[in-house]
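**Q**
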Amino acid sequence: MRIAVLGLGAVGKGLLRMLAAKPELGLVLTAVADSSSACIEPGGIDPAAVLDRKSATNRCGTQGLTAEQVLDSGAFDVLVELTPTNAVTGEPALTHMRRALALGRHVVTSNKGPIAAAHAELQEIAAGQGVALRYEATVGGAIPVIHAIRDGLAGNRFHAITGVLNGTCNYILTRMDEEGLTYDQALAEARELGYAEADPTYDVRGIDAAIKLVILANTCWNLGVVLDDVAITGIDGLTVDALRLAAAQDCTIRLIGEASPDRGILRVAPRVLPRSHPLVIEGTLNAVMLSTDMAGECTLIGKGAGSVETASAIIGDLLAIRDRYVECG
Amino acid sequence: MVPLQVSMKLEMKDSPGQLVAALTPISEFGGNIIAVIHQREPDASSDTLGVQIVLEIEQDRLDALVAAIKRQGVSILRIGEERLLYRQSVIMIGHLIHTDIGDTIDRIDSTGFAEVAELNVQMPAITEPSTALITIKATTRSEMERALDLLRGVAAEKGLLIVEPLAEGER
């Protein structure tokens, strides 16, 4: 199966490293683009050579070639859309994805923005063309939660989704709880370790978690909810005393995304949980609890970020597409 | 609808079927049995069996339940009841004192259906926000929900952050 990769940041590099390390998967790279160059080779490109070129020249291919030309070439079965993208508007990834789907190509992405903003529209184009749109890597990093909702728990009615969807916040709260650090101290530590961005607003104010909650909610219920529908409270107002008072009751505080159409709930907020609750996880881990009619409660826990971890989710999607749509030799 | 937690000491013949006969009316009247504790007399010659049961039932059905149990030939030696109370703790963060914490408490207490049962306030340096654990008691779950709604409104009005518990299991 031929794949084109748009975007060569941490996730794109992690994917190419895994493609180089696992040739037995039968995923053939035929095109790749970064912000200033591209490489199109319908016969196949060596992912290791692309990575070498990228680290030597900071370009993956021929200067002046663009993502648009990759799309025009049509030399791929699946577009893997990993460009740096505005998480709220979804651009430029959204445009790339619309074009690829309209060309009758499958799309796999780690970009949250386009899925949160235009899930229903993209899904409709994909269905019309008889191709797949998969986005496991958008939520919970390596955790196969979208697979669980669509396949593993197929046929269940979903009552609610609750989850720890942002590793940065979970790290900060874990450190405030365990070490009695103030919010500012824990944030500074998270930055030093590379768990928080220079501008942490998007994480600590709960926006990232809310975007992921929107994606999960639309995957479960297809009600077309958007970011503006989520009631969001971040963790930046929390005090050490709040964690101490919770601890005195054998509880702690975590940033929880909660969606339940039955109860009219779609919100992200810090919540008090008993320490024994399955969503009380440590450090940068993520967790999602799915409440269903047949399976009861099912909780998945795993690494929420990282380049190879995200590549795991992308490769899972690629292989699911190959098994379902592409006759493989 | 006022749910009660009721404790009853029953005495019945120590023969097969008696305990079932005593317990059957409870479910018929929509009661929920929380515990059944056998109290066999040390005097083995006694032909009666003492049983203590704890149950929840709506207040207006209790008299009918008592009559039904008696009709089964079971004597009720003692009965104790108390209003069943829901307790919920939330954490509040902000300038609690300067936004008149007395008023915040009064707003809950003056509802008549809920009250602030406990308040633990932590005050760091004077300019920093303080944090409180506030425990509310209410008689029913829906009254608790109304009290929390009221508290959310007060918090929004006073610029306070509320951290609520995550309800466990949905159904």
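Here the protein sequences line up with chains A and B, keeping their order.
The working numbering puts the first sequence at residues 3 to 331.
The working numbering puts the second sequence at residues 5 to 175.
All residues carry an ideal CB built from backbone N, CA and C; glycine is no exception.
Keep in mind that this is a model prediction, so the values were computed, not measured.
1. Going along the chain, which residues of its own chain have a beta-carbon closer than 6 Å to the beta-carbon of A:P313, five neighbours each way excluded?
2. CB A:A58 to CB A:E311, shorter than 7 Å?
3. Which residues mark the beginning and the end of the beta strand (DSSP E) in which A:R256 is found?
4. Is there a Cβ from chain B that is less than 7 Å from the Cβ of A:L257?
5. Going by beta-carbon coordinates alone, are A:V282 and A:L292 separated by less than 7 Å?
6. By how many angstroms is the C-alpha of A:K114 removed from the C-alpha of A:G308?
7. Just the Cα atoms here: how many angstroms apart are B:Q43 and B:D51?
8. Taking 7 Å as the cut-off, decide whether the C-beta atoms of A:A233 and A:R269 are in contact.
9. Determine the burial state of A:D179: buried for a count of at least 16 other Cβ atoms within 10 Å of its Cβ, exposed for fewer.
10. Would you check if the distance between the CB atom of A:A212 and the CB atom of A:L229 is smaller than 7 Å?
11. Would you call the region 57 to 72 of chain B and the region 27 to 36 of chain B touching, i.e. three or more CB-CB distances under 8 Å?
12. Taking C-alpha atoms, which residue in B:D107, B:L152, B:L155, B:L53 lies nearest to B:P20?
13. Taking the alpha-carbon positions, what's the B:F117 to A:L155 distance?
14. What does B:I95 touch in chain A if you count any residue whose Cβ is under 7 Å from its own?
15. Below 8 Å CB to CB, which residues in the same chain sit around A:Q65 once its five sequence neighbours on both sides are set aside?
16. Would you mind sorting B:E174 into buried or exposed? The rule is 16 or more other CB atoms within 10 Å of its CB.
17. What do you get for A:K24, buried or exposed, if any count of 16 or more other CB atoms within 10 angstroms of its CB means buried?
18. Across which residues does DSSP place B:K162 in a beta bridge pair?
19. Would you call A:V290 buried or exposed, if buried means 16 or more other Cβ atoms sit within 10 Å of its Cβ?
20. Nearest to A:I237 by alpha carbon, out of A:D210, A:L215, A:A249, A:Q251?
21. Who does A:N288 pair with in a DSSP beta bridge?
22. Would DSSP call B:H102 helix, strand or coil?
23. Comparing the C-beta of A:T241 with each C-beta of chain B, is any distance below 7 Å?
24. Using alpha carbons as the reference points, say which of A:R159, A:L245, A:V206, A:R246 lies closest to A:A297.
25. So, using beta-carbon positions, are A:V34 and A:C62 closer together than 7 Å?
26. According to DSSP, simplified to helix, strand and coil, what is B:Q9?
27. Which bits of chain A does B:L155 rub up against, with CB to CB less than 7 Å?
28. For a cutoff of 7 Å on Cβ pairs, would you count B:Q126 as touching chain D?
29. Return the bridge partner residues of B:E122 from the DSSP annotation.
30. Distance check for B:I95 and B:V120, CA to CA, integer angstroms please.
31. Per DSSP, what kind of secondary structure is A:A40 in: helix, strand or coil?
32. Assuming A:E126 is part of the alpha helix (DSSP H), what are its boundary residues?
33. Decide if A:R107 is buried, meaning its Cβ has at least 16 other Cβ atoms within 10 Å, or exposed.
34. Starting from A:L84, trace the beta strand (DSSP E) both ways and give me its first and last residue.
35. Is the distance from the Cβ of B:T108 to the Cβ of B:V158 below 7 Å?
36. Between B:V167 and chain A, is there a C-beta pair that is closer than 7 Å?
**A** Short version:
1. Along the first sequence, one-based indexing puts residue 313 of chain A at 311. Residue 313 of chain A is actually Ala in this sequence, not Pro. Once the five neighbours on either side are set aside, the close Cβ partners of A:A313 are G16, L17, M20.
2. For the purposes of this step, residue 58 of chain A is identified with residue 56 of the first sequence, where counting begins at 1. For the purposes of this step, residue 311 of chain A is identified with residue 309 of the first sequence, where counting begins at 1. For A:A58 and A:E311, no; Cβs fall outside 7 Å.
3. As a first step, residue 256 of chain A is located in the first sequence; it is residue number 254 there, counting from the start. Unbroken beta strand (DSSP E) run through A:R256: 253 to 262.
4. The residue given as residue 257 of chain A occupies position 255 in the first sequence. Taking Cβ atoms only, chain B never reaches closer than 7 Å to A:L257, which makes this a no.
5. For the purposes of this step, residue 282 of chain A is taken as the residue at position 280 of the first sequence. For the purposes of this step, residue 292 of chain A is taken as the residue at position 290 of the first sequence. Result no, Cβ atoms of A:V282 and A:L292 do not sit closer than 7 Å.
6. The residue labelled residue 308 of chain A in the question sits at position 306 within the first sequence. The residue labelled residue 114 of chain A in the question sits at position 112 within the first sequence. Cα-Cα distance, rounded: 15 Å.
7. As a first step, residue 43 of chain B is located in the second sequence; it is residue number 39 there, counting from the start. As a first step, residue 51 of chain B is located in the second sequence; it is residue number 47 there, counting from the start. One C-alpha to the other measures close to 13 Å.
8. On the first sequence, residue 233 of chain A is found 231 positions in, with the first residue counted as 1. On the first sequence, residue 269 of chain A is found 267 positions in, with the first residue counted as 1. Result yes, Cβ atoms of A:A233 and A:R269 sit closer than 7 Å.
9. Looking up residue 179 of chain A in the first sequence gives position 177. The residue in question, A:D179, is buried, as its Cβ has 16 or more Cβ neighbours within 10 Å.
10. Here residue 212 of chain A refers to the residue found at position 210 when the first sequence is read from its first residue. Here residue 229 of chain A refers to the residue found at position 227 when the first sequence is read from its first residue. In contact: A:A212 and A:L229 (Cβ atoms closer than 7 Å).
11. Between the region 57 to 72 of chain B and the region 27 to 36 of chain B, the count of Cβ pairs shorter than 8 Å is three or higher; the stretches touch.
12. Position 16 of the second sequence, counted from the start, is the residue given in the question as residue 20 of chain B. Looking at the Cα atoms, B:L53 is the closest of the given residues.
13. In the second sequence, residue 117 of chain B corresponds to position 113, counting from 1. In the first sequence, residue 155 of chain A corresponds to position 153, counting from 1. For B:F117 and A:L155, the distance between alpha carbons rounds to 42 Å.
14. Within the second sequence, residue 95 of chain B is the residue found at index 91, counting from 1. Within chain A, the residues near B:I95 are A244, L247, A248, V274.
15. Residue mapping note: residue 65 of chain A aligns to position 63 of the first sequence, counting from 1. Around A:Q65: S38, S39.
16. Position 170 of the second sequence, counting from 1, holds the residue named residue 174 of chain B. Note that B:E174 scores 36 on pLDDT, short of 50, meaning its location in the model is unreliable and no value can be drawn from it.
17. Within the first sequence, residue 24 of chain A is the residue found at index 22, counting from 1. Classification of A:K24: exposed, given that the 10 Å Cβ count is below 16.
18. For the purposes of this step, residue 162 of chain B is taken as the residue at position 158 of the second sequence. According to DSSP, B:K162 bridges with nothing at all.
19. Residue mapping note: residue 290 of chain A aligns to position 288 of the first sequence, counting from 1. With 16 or more other Cβ atoms within 10 Å, it is buried.
20. Along the first sequence, read from residue 1 onward, the residue named residue 237 of chain A stands at position 235. Selected option, being the one with the closest Cα: A:D210.
21. By 1-based counting over the first sequence, the position of residue 288 of chain A is 286. DSSP lists A:G304 as partners of A:N288.
22. Counting from one through the second sequence, the residue named residue 102 of chain B turns up at place 98. Correct three-state label for B:H102: coil.
23. The residue you call residue 241 of chain A lines up with position 239 of the first sequence. With 7 Å as the cut-off, A:T241 counts as an interface residue toward chain B.
24. As a working note, residue 297 of chain A is residue 295 in the first sequence. A:A297 has its Cα closest to that of A:R159, out of A:R159, A:L245, A:V206, A:R246.
25. By one-based count along the first sequence, residue 34 of chain A stands at place 32. By one-based count along the first sequence, residue 62 of chain A stands at place 60. It is a contact, given that the beta carbons lie within the stated cut-off.
26. In the second sequence, residue 9 of chain B corresponds to position 5, counting from 1. The answer is strand: DSSP assigns B:Q9 an E or B state.
27. In the second sequence, the residue the question calls residue 155 of chain B occupies position 151. Correct list: empty, because the minimum Cβ distance to chain A is about 14 Å.
28. The chain labelled as chain D is not found among the protein chains of the depicted structure, namely A and B.
29. Residue mapping note: residue 122 of chain B aligns to position 118 of the second sequence, counting from 1. Per DSSP, B:T139.
30. For the purposes of this step, residue 120 of chain B is identified with residue 116 of the second sequence, where counting begins at 1. For the purposes of this step, residue 95 of chain B is identified with residue 91 of the second sequence, where counting begins at 1. B:V120 and B:I95: Cα-Cα distance of roughly 13 Å.
31. In the first sequence, the residue the question calls residue 40 of chain A occupies position 38. Note: A:A40 maps to strand in three-state DSSP.
32. Along the first sequence, one-based indexing puts residue 126 of chain A at 124. Start and end: 114 to 131.
33. What you label residue 107 of chain A is simply residue 105 of the first sequence in a count that begins at 1. That one is buried.
34. For this step, residue 84 of chain A is matched to residue 82 along the first sequence. Run containing A:L84: none; DSSP gives neither H nor E here.
35. Within the second sequence, numbered from 1, the residue matching residue 108 of chain B stands at position 104. Within the second sequence, numbered from 1, the residue matching residue 158 of chain B stands at position 154. Yes; because the gap between Cβ atoms is below 7 Å, this pair is in contact.
36. Here residue 167 of chain B refers to the residue found at position 163 when the second sequence is read from its first residue. Yes, B:V167 lies at the interface with chain A (some Cβ there is under 7 Å from its Cβ).
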